[in-house]
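Residue numbers (the working numbering), protein chains in the order written: chain S, 42 to 216; chain B, 207 to 344.
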């Protein structure tokens with residue numbers, strides 16, 4: 042079960058887990074996203090709307106930056122609507138039971154590509170994010186990878202699932 | 207821009223070079239999705255896990271079954287903004303993408319509608335390279 046995080050909002054202390062956040066927004070339609078958004082249960086919400094639902098505080102009681110920072114710490118992906126850019130600030134510490142954190146597991150200067158291949162083979166079937174010859178993170182689902190990247194302010198060059206066999210790396214039969 | 211095929215691990219010991227390009231989906235440029243160029247695919251298809259993780263709304267999206275690698279999967283089509291990096295230029299276009307349940311492939315697939323009707327492709331299997339040229343202003 043995901044751990045609860047303690048955070049302060051409007052000078053009050055709260056404790057919540059990612060599951061608590063998902064429960065809070067269940068059945069609630071997102072208000073229009075104008076700039077920043079957070080992805081909760083597959084939908085994009087304004088961060089302040091989510092934090093207001095979680096804490097019961099009015100949106101005027103805290104800043105968008107504070108809401109984003111808290112939600113990112115809980116592992117939610119945060120982005121910005123339009124312009125093809127994502128918002129990242131200072132990285133946050135995090136843990137994830139199902140995540141394999143490989144940051145820093147870079148290949149040696151020689152045979153970089155081969156070494157990355159060897160590292161990737163240890164994660165067959167896992168979603169991975171890579172940058173250069175470095176495996177940033179591996180997780181059992183795409184949400185885990187994207188949440189980790191958002192949480193840590195990291196930017197991958199490529200994300201995919203490590204194929205188990207040649208069939209998984211092949212194209213599609215025409216339809 | 208000329209791309210080289212990319213080595214991908216296949217199982218516990220093999221490796222295969224594939225024509226793959228990284229595509230930013232719905233503006234989330236922290237996690238470009240590796241996609242295989244596939245002229246045999248009629249459309250752009252990828253895992254619905256991507257849609258869920260990036261908040262692409264599929265609630266009212268039309269659904270249909272597709273055959274992928276011998277498996278029949280259910281997909282939902284949504285129009286999303288896609289971006290690829292061509293020599294330092296971000297090339298962005300709006301495309302229909304099928305997000306599929308239980309996606310069996312390791313990557314997304316870039317097929318005819320939404321990709322190969324937007325870019326000219328020159329591919330050399332011998333050299334393991336390919337070139338992409340947009341057919342639109344960006």
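Every residue, glycine too, gets a C-beta built ideally from N, C-alpha and C. As the structure is a computational prediction, the values presented were derived from the model and not from experiment.
Residue 198 of chain S to residue 307 of chain B span [Cα, whole Å]: Distance between the alpha carbons of residue 198 of chain S and residue 307 of chain B: 25 Å.
Alpha carbon of residue 118 of chain S to alpha carbon of residue 61 of chain S, nearest angstrom: The alpha-carbon atoms of residue 118 of chain S and residue 61 of chain S are separated by roughly 16 Å.
Beta carbon proximity, residue 63 of chain S to chain B, threshold 7 Å: Between residue 63 of chain S and chain B, the shortest Cβ-Cβ separation is not below 7 Å.
Limits of the unbroken alpha helix (DSSP H) element including residue 302 of chain B: From DSSP, residue 302 of chain B is part of no alpha helix (DSSP H) but of the beta strand (DSSP E) over 295-306.
Which residues DSSP lists as bridging residue 46 of chain S, in chain order: Residue 46 of chain S has S:57 as its beta-bridge partners, per DSSP.
Environment of residue 130 of chain S [buried if 16+ CB atoms lie within 10 Å]: With a pLDDT of 30 at residue 130 of chain S, under the threshold of 50, the modelled position of this residue cannot be trusted, and the question is left open.
Coarse secondary structure for residue 209 of chain S, derived from DSSP in three states: Helix, per DSSP.
Own chain, CB closer than 8 Å to residue 324 of chain B, minus 5 neighbours either side, in chain order: Hits under 8 Å: 299, 301, 340, 341, 342.
CB contact check: residue 143 of chain S to chain B, cutoff 7 Å: At residue 143 of chain S the pLDDT is 48, less than 50, meaning the model places this residue with poor confidence and gives no usable figure here.
Residue 184 of chain S versus residue 256 of chain B: straight-line alpha-carbon distance, rounded: For residue 184 of chain S and residue 256 of chain B, the distance between alpha carbons rounds to 7 Å.
Simplified DSSP assignment, three categories, for residue 96 of chain S: Looking at residue 96 of chain S - three-state DSSP - the assignment turns out to be helix.
Cβ-based neighbour list, residue 216 of chain B, same chain, cut-off 7 Å, excluding 5 preceding and 5 following: Excluding positions up to five away in sequence, the list reads 222.
Below-7 Å beta-carbon distance, residue 59 of chain S vs any chain B residue: Not an interface residue.
Secondary structure of residue 222 of chain B, DSSP reduced to three states: Of the three classes helix, strand and coil, the one that applies to residue 222 of chain B here is strand, per DSSP.
Reference residue 274 of chain B; option with closest CA among B:239, B:252, B:332: Measuring C-alpha to C-alpha distances from residue 274 of chain B to each of B:239, B:252, B:332 identifies B:252 as the nearest.
Range of the contiguous alpha helix (DSSP H) that encloses residue 258 of chain B: For residue 258 of chain B, the enclosing alpha helix (DSSP H) starts and ends at 254-260.
Length of the line joining the Cα atoms of residue 295 of chain B and residue 207 of chain B: The alpha-carbon of residue 295 of chain B is positioned some 10 Å away from that of residue 207 of chain B.
Identity of the residue in S:64, S:63, S:45 nearest residue 55 of chain S by Cα: Of the candidates S:64, S:63, S:45, S:45 places its Cα closest to the Cα of residue 55 of chain S.
Any C-beta of chain S under 7 Å from that of residue 328 of chain B: No, because no Cβ of chain S sits closer than 7 Å to the Cβ of residue 328 of chain B.
Sequence-distant residues of the same chain with beta carbon closer than 6 Å to residue 318 of chain B, five excluded per side: If we look at residue 318 of chain B and ignore the five residues flanking it on each side, its Cβ neighbours are 248.
Any chain B beta carbon closer than 7 Å to residue 172 of chain S: With its beta carbon at least 7 Å from every one in chain B, residue 172 of chain S lies outside the interface.
Rounded separation between residue 227 of chain B and residue 206 of chain S - CA only: Straight-line Cα distance between these residues: approximately 20 Å.
Stretch-stretch touch, CB-based, cutoff 8 Å, three pairs: the region 232-240 of chain B with the region 259-272 of chain B: In the pairwise beta carbon analysis, the region 232-240 of chain B is classified as touching the region 259-272 of chain B: at least three pairs are separated by under 8 Å.
Beta-carbon contacts of residue 165 of chain S that lie in its chain and below 8 Å, excluding the five residues immediately before and after: The beta carbon of residue 165 of chain S is closer than 8 Å to those of 203, 204, 205 in its chain, skipping five residues each way along the sequence.
Element boundaries [alpha helix (DSSP H), containing residue 185 of chain S]: It spans 183-193 - the alpha helix (DSSP H) in which residue 185 of chain S sits, taken as one unbroken run.
Residue from B:281, B:303, B:254 whose Cα sits closest to the Cα of residue 287 of chain B: Comparing Cα-Cα distances from residue 287 of chain B to each of B:281, B:303, B:254, the minimum goes to B:303.
Sub-7 Å separation of residue 59 of chain S and residue 112 of chain S beta-carbons: A distance of 7 Å or more separates the beta carbons of residue 59 of chain S and residue 112 of chain S.
Where residue 111 of chain S sits in the DSSP three-state scheme: Helix at residue 111 of chain S.
Helix, strand or coil at residue 158 of chain S [DSSP, three-state]: Residue 158 of chain S falls in the helix class under three-state DSSP.
Length of the line joining the Cα atoms of residue 124 of chain S and residue 233 of chain B: Bear in mind that the predicted position of residue 124 of chain S carries a pLDDT of just 43, short of 50, making it too unreliable to give a figure here.
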